[in-house]
Amino acid sequence: MRSDLGDHKLSGEAFITQGFMNWKKSDRFQVHVGASNSPHNQAWNSCQALMKQKQHINVALCKQSDQAKEDYRTHLTAIVDCIRFLLCQGLAFRGNDESTSSCNKGNFLELLDFLTNHNEAIHKVLKNARGNLKLVAPTIQKDIVRAFTNETTKAILDDLGDKLFTILIDESRDISVKEQMVVVLHYVNKKGQVIERFLGIVHVSDTSALSLKLALELLFAKYGLSLSRLSGQGYDGASNMQGELNGLKSLILKENNSAFYIYCFAHQLQLALVTVAKKHVGIALFFNIVANLSNVVGASCKRRDILRESQIVKVKEALQKGEITSGHDLNQETTIKKAGETRWGSHYGTLLSLISLFSYMIDVLEIIEEDGISLDQKAEACALLNSLQSFEYIFTLHLMKNILGITHELSQALQRSDQDIVNAMKLVTVSKQRLQDMRDDGWDSLLNERSSIMLDVILKLILLRAGG
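According to the UniProt record's numbering, the sequence shown holds residues 1 to 468 in order.
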């Protein structure tokens with residue numbers, strides 16, 4: 001108290017430490033109180049301020065601080081909501097020109113502006129935010145995305161707990177031609193459900209088995225996982241992945257013989273179909289024609305437009321004649337789908353589009369044959385026309401459509417996340433039986449059906465050319 005009141009002459013020891021005892025001179029109380037700025041009144045005001053906290057300067061500062069905190073929370077929540085939306089939709093954040101005068105500042109800033117224009121509280125906070133507290137800098141965006149990553153991974157690991165799990169791994173190159181490894185976890189949660197969760201993408205210097213194993217161990221160490229908890233592993237058929245001697249599969253099995261290797265059934269099925277097809281000259285030739293047809297008819301926007309216009313005209317004619325009906329999701333435009341050897345079911349989709357666009361593609365090829373820019377284009381179109389109008393092509397087209405239809409159903413079933421090994425083997429058995437039944441008893445019906453289709457095609461071509 002001495003330090004607060006100082007050595008004021010009116011402040012004696014009696015009123016500070018010893019206490020007042022000379023009651024004959026009570027007028028000293030009034031002298032001690034003194035003027036409004038006396039030490040006594042200063043102490044009294046300090047005491048009142050202490051007893052009445054709402055009047056204290058610290059309270060006012062705290063009130064201002066609480067409002068600033070609330071504004072910052074509103075501001076940060078808006079930023080986080082925008083980032084969460086873009087992440088969920090897999091959209092890019094940045095724009096080519098993010099200046100205030102830009103017509104398109106990129107998804108993040110445009111979404112934030114949209115949110116600001118539709119929420120008064122957010123608009124007020126962002127308008128009053130200082131220039132260095134806008135929270136829109138790319139580095140801040142990356143920090144928040146990184147926080148999302150950490151929280152999501154933490155939730156996955158909490159759900160996994162101390163249970164056993166399996167891994168799925170694949171390697172590929174990104175757009176900058178950097179090798180990377182993708183790791184996915186498979187485990188059974190507390191409800192008995194099979195869960196598949198993405199763990200991370202790891203950059204690797206090369207795709208050798210040793211490099212992949214080292215990268216996997218570093219990733220596991222980062223998240224507190226261990227190879228000893230593996231109960232299974234699944235990769236593609238590359239030698240560096242499933243090689244018996246030095247593949248990633250074998251390296252992991254040396255440390256944990258319980259990490260059983262499972263080759264993706266759907267991938268095996270696709271590779272088996274492609275390999276078998278290439279062993280038969282007729283089928284291999286057929287798929288070469290299909291590939292050439294897709295390239296020629298779909299080679300340019302002009303040819304695609306011709307195909308589309310031909311389709312529209314014939315659909316209108318068929319509707320007017322009553323040959324087809326209109327309705328929701330009926331008579332939709334169809335495009336040629338290109339097949340890929342590693343894309344499951346893509347060949348089946350290609351054959352379906354070729355069947356539905358058969359007559360339209362003939363129209364396009366005839367136009368190319370007549371009006372092609374070069375002799376090579378005309379010759380190629382003529383050769384494809386001869387192939388398309390042959391019985392062998394039409395028969396093979398529908399034969400492979402039926403075969404791939406059976407295997408496509410099996411492939412789709414094998415890729416279901418809730419599929420189990422027992423049911424999968426039953427589906428394989430059923431599909432094999434269906435193929436065997438087609439081999440034993442399906443030829444007559446197939447020949448009769450294709451003969452009628454071929455006759456119908458020939459008649460339409462004769463009528464078309466006669467009318468021309």
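Beta carbons are placed, not taken as given, at the ideal position from N, Cα and C, and that holds for glycine.
*From residue 43 to residue 66, what does the alpha carbon distance come to, in whole angstroms?*
30 Å
*asked:* For a minimum of 4 consecutive residues, which ranges assigned as the alpha helix (DSSP H) are wholly contained in the segment 189-227?
replied: 209-222
*asked:* With the cut-off set at 7 Å, would you say residue 232 and residue 195 are in Cβ contact?
replied: no
*From which residue to which residue does the alpha helix (DSSP H) around residue 436 run?*
421-441
*Inspect the beta-carbon positions of residue 181 and residue 212 and report whether they are closer than 7 Å.*
yes
*Per DSSP, what kind of secondary structure is residue 136 in: helix, strand or coil?*
coil
*What is the rounded straight-line gap between the Cα of residue 403 and the Cα of residue 435?*
7 Å
*asked:* Let me check one thing: in DSSP terms, what residues is residue 166 bridge-paired to?
replied: 186 and 232
*If you count every other CB in all the chains shown that lies within 10 Å of the CB of residue 203, and 16 or more means buried, which is it?*
exposed
*Locate the alpha helix (DSSP H) running through residue 530, then write down its first and last residues.*
Residue coverage of the chain in this structure runs from 1 to 468, which leaves residue 530 outside it and unanswerable.
*asked:* For residue 189, which residues in the same chain have their Cβ closer than 7 Å to its Cβ, ignoring the five residues on either side in sequence?
replied: 159 and 195
_Where residue 125 falls, given that 16 or more other Cβ within 10 Å makes a residue buried_ = buried
*Answer with buried or exposed for residue 218, where buried requires no fewer than 16 other C-beta atoms within 10 angstroms of its C-beta.*
exposed
*asked:* For a test of the three-state rule: what should DSSP assign to residue 356, helix, strand or coil?
replied: helix
*Taking residue 100 as the reference, which of 289, 113, 406 and 145 has the closest Cα?*
113
*Ends of the alpha helix (DSSP H) at residue 398?*
391-414
*Inter-residue spacing [alpha-carbon to alpha-carbon] between residue 166 and residue 418*: 15 Å
_Three-way DSSP call (helix, strand, coil) for residue 130 in this model_ = coil
*Please state whether DSSP places residue 94 in a helix, a strand or coil.*
coil
*Looking at C-alpha atoms only, which residue of 86, 127 and 130 is the closest neighbour of residue 110?*
86
*Work out the CA separation of residue 432 and residue 155 for me, nearest whole Å.*
42 Å
*What are the boundary residues of the alpha helix (DSSP H) that residue 382 is part of?*
375-388
*Any chance the segment 406-417 sits against the segment 352-371, with 3 or more Cβ pairs inside 8 Å?*
no
*In terms of alpha-carbon separation, which member of 375, 143 and 236 lies closest to residue 269?*
236
*asked:* Just to confirm, is the Cβ distance from residue 107 to residue 121 under 7 Å?
replied: no
*If you compare alpha carbons, which of 75, 439 and 153 is closest to residue 224?*
153
*asked:* Do residue 361 and residue 297 have their beta-carbon atoms positioned less than 7 Å apart in this structure?
replied: yes
*Does the Cβ of residue 369 lie closer than 6 Å to at least one heavy atom of the ligand FMN?*
For the structure depicted, the ligand FMN is absent and the ligand set is empty, with no information on it obtainable.
*Between which two residues does the alpha helix (DSSP H) carrying residue 281 extend?*
281-297
*Measure the alpha-carbon distance for residue 199 versus residue 443 and round it to whole angstroms.*
50 Å
*According to the neighbour-count rule (16 or more other Cβ atoms, all chains shown, within 10 Å of its Cβ), is residue 309 buried or exposed?*
exposed
*C-alpha distance - residue 421 paired with residue 287, whole-angstrom precision*: 32 Å
*Helix, strand or coil: how does DSSP classify residue 176 here?*
coil
*asked:* Under DSSP, the alpha helix (DSSP H) around residue 254 begins and ends at which residues?
replied: 248-255
_Backbone secondary structure at residue 328 - three-state DSSP_ = Caution applies to residue 328, whose pLDDT of 44 falls short of 50 and renders its modelled position unreliable; the value that the coordinates give is listed next. Coil.
*Pick out whichever of 123, 98, 174 and 209 has its Cα sitting closest to the Cα of residue 476.*
Lying outside 1 to 468, the shown extent of the chain, residue 476 is not represented and no answer is given.
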